[in-house]
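> In the numbering used here, the protein residues as written are 1 to 114.
Glycine is no exception: its CB is placed at the ideal position from the N, C-alpha and C atoms.
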Amino acid sequence: MVLRNSIATLCAALLLNACSGENSVKESTKEETLAPTENKVGQKLFTENCAQCHGNDGKLGASGASDLSASVLDDPELTKVITKGRNAMPGMGPILGKKKSINAVVDYVKELRK
Ligand code: HEC
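#1: From Ala104 to Gly55, what distance separates their C-alpha atoms?
#2: Hey, is Ala104 close to ligand 1, as in C-beta under 7 Å from one of its heavy atoms?
#3: Do the CB positions of Thr78 and Val41 come within less than 8 Å of each other?
#4: With DSSP as the reference, please indicate the residues paired to Arg86 in a beta bridge.
#5: Quick check: what's the CA-CA separation for Gly58 versus Val72?
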């Protein structure tokens, strides 16, 4: 799958060594609200660019932000809202940059639903 490859490439590019399997993923002790994930790239981008409004768990709702754990948007809709923004949500496309980064964030947003 293209997405899987791109995430693997991204991880490799950033020299993250936590992509090899579940056992190597360590739960963070500082950020207890962060769920264990293999999508370190998406998680990092989310923490840096989205958590101030959405919260690490997606439920914060600052500045009227949507509860992402309750979101039902599909991939194309997520990509559109995240890239171009919607109402009070700023378009994050220029900040996230590459399509790969946007895909990693889209995947991470879906993980918040679990
Ligand atoms: C400045 C605050 C802010 C930041 C930063 C922000 N958002 Fe949002 N987000 C919002 C607001 C406000 C809404 C509700 C928009 C609306 O009312 O249409 C929203 C809505 C969304 C939705 C739509 C959810 C749904 O089910 O309708 C998604 C997905 C989303 N944000 C993802 C992200 C991601 C991913 C990032 C980081 C790349 C991010 N947001 C950064 C404020 C923010």
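Once the coordinates are examined:
#1: On the sequence shown, residue 104 is found 104 positions in, with the first residue counted as 1. On the sequence shown, residue 55 is found 55 positions in, with the first residue counted as 1. Approximately 17 Å, taken between the alpha carbons.
#2: Counting from one through the sequence shown, the residue named residue 104 turns up at place 104. Checking the Cβ of Ala104 against ligand 1 gives no.
#3: Stepping through the sequence shown from its first residue, residue 78 is reached at position 78. Stepping through the sequence shown from its first residue, residue 41 is reached at position 41. The amino acid occupying residue 78 in the given sequence is Leu; Thr does not appear at that position. No, these two residues do not count as a Cβ contact at 8 Å.
#4: Looking up residue 86 in the sequence shown gives position 86. Note: Arg86 sits in a beta bridge opposite Met89.
#5: In the sequence shown, counting from the first residue as 1, residue 58 sits at position 58. In the sequence shown, counting from the first residue as 1, residue 72 sits at position 72. Computed Cα separation, rounded: 13 Å.
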